[in-house]
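Asks:
In the working numbering, the protein residues as written are 1 to 228.
(1) Could you tell me the distance, in whole angstroms, from the CA atom of residue 79 to the CA atom of residue 117?
(2) Compute the Euclidean distance between the alpha carbons of residue 197 and residue 26, then round it to the nearest angstrom.
(3) Using alpha carbons as the reference points, say which of 69, 87, 86 and 110 lies closest to residue 37.
(4) Taking the alpha-carbon positions, what's the residue 41 to residue 120 distance?
(5) By Cβ distance below 7 Å, which residues in the same chain neighbour residue 70 in space, the five residues on each side in sequence not counted?
(6) Flag this pair as yes or no: are the beta carbons of residue 31 and residue 129 separated by less than 8 Å?
(7) Would you mind working out which of 6, 68, 135 and 29 sits nearest residue 44, comparing C-alpha positions?
(8) Nearest by alpha-carbon distance to residue 194: which of 158, 131 and 34 is it?
(9) Can you give me the C-alpha to C-alpha distance between residue 67 and residue 124, rounded to a whole angstrom?
(10) On the DSSP bridge list, what partners appear for residue 36?
(11) What's the C-alpha gap between residue 169 and residue 161?
(12) In angstroms, rounded to a whole number, what distance separates the CA positions of residue 153 and residue 34?
(13) Does DSSP classify residue 103 as helix, strand or coil?
(14) For residue 21, does the count of other Cβ atoms within 10 angstroms reach 16, so buried, or fall short, so exposed?
(15) Nearest CA to the CA of residue 178: which residue from 107, 81, 23 and 141?
(16) What does a CB cutoff of less than 8 Å around residue 156 pick up in its chain, not counting 5 residues either side in sequence?
(17) Only counting the same chain, and skipping five residues up and downstream in sequence, which positions put a Cβ closer than 7 Å to that of residue 143?
(18) Note down the Cα distance separating residue 6 from residue 192, rounded to an integer number of angstroms.
(19) Enumerate in chain order the residues of its own chain whose CB-to-CB distance from residue 96 is below 7 Å, with the five nearest sequence positions on each side excluded.
(20) For residue 163, count the other beta carbons within 10 Å of its own beta carbon; 16 or more makes it buried, fewer makes it exposed. Which is it?
(21) So for residue 71, helix, strand or coil by DSSP?
(22) Does residue 228 pass the burial test, meaning 16 or more other C-beta atoms within 10 Å, or should it be called exposed?
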């Protein structure tokens, strides 16, 4: 069976944009690939080069590092995102099975999104354990782009009278919500850990045990002076 991103029925009519670029479903699907490619290209060098050297790592025991705000919510949302993306991949494969040629745009963007979601949580884990929240700006850009592109797709479904009776519409709506919530989580982390000026040192949480663990979890460049 012929293989093409948009299929090749009707002499590649799927590539026509006579009625507007955003009214071409295949182009919108291609647009949805952009955020995931961006994240993979940005984070892989940091993960494999920045943390590849053992000397550059900040080793923090699991029981002593401080989680970023929204840590648990982020993991819950990420697992929900992965589940919805698996459903979207399955729906795309099933839809592709009834066409004359292969339409990669039906499931390839979802596959890329799944890879990006896994990469995002691995990247976040490394950032959190290294206590360098400024690098989360890459995730902020990613969630923003993913939310915008998925919202465009959702709106175009609505414009073309595709509603809740279609599984694809429901999955896209869920993805818009999940990407939006992850974006809010990221904004909150950057607001608290990056943008907000650090006015003083706070005592460590009770679960940190000895005060020596404090030096491992404070932001870099912060020095606590003993009370006079």
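For each residue, glycine too, the CB sits at the ideal point set by N, CA and C. Computed from a predicted structure; not experimentally measured.
Replies: According to the data block:
(1) 9 Å
(2) Because residue 197 carries a pLDDT of 42, less than 50, the predicted location of this residue cannot be relied on, and the following value inherits that uncertainty. Taking the straight line from one Cα to the other gives about 45 Å.
(3) 110
(4) 12 Å
(5) Closer than 7 Å at Cβ, skipping near neighbours: 185, 188 and 189.
(6) No, Cβ-Cβ distance for residue 31 and residue 129 is not below 8 Å.
(7) For residue 44, the nearest C-alpha among the options comes from 135.
(8) 131
(9) Using only the alpha carbons, I get a separation of about 11 Å.
(10) For residue 36, which the question treats as bridged, DSSP gives no partner whatsoever.
(11) 10 Å
(12) 13 Å
(13) strand
(14) exposed
(15) Sorting 107, 81, 23 and 141 by C-alpha distance to the C-alpha of residue 178 places 81 at the top.
(16) So the qualifying residues of the chain are 22, 23, 25 and 28.
(17) 179, 182, 183 and 186
(18) 43 Å
(19) 102, 103, 106 and 107
(20) exposed
(21) It is helical.
(22) Note on residue 228: pLDDT 39, under 50, position unreliable in the model; the coordinate value appears next. Answer is exposed; the Cβ neighbour count stays below 16.
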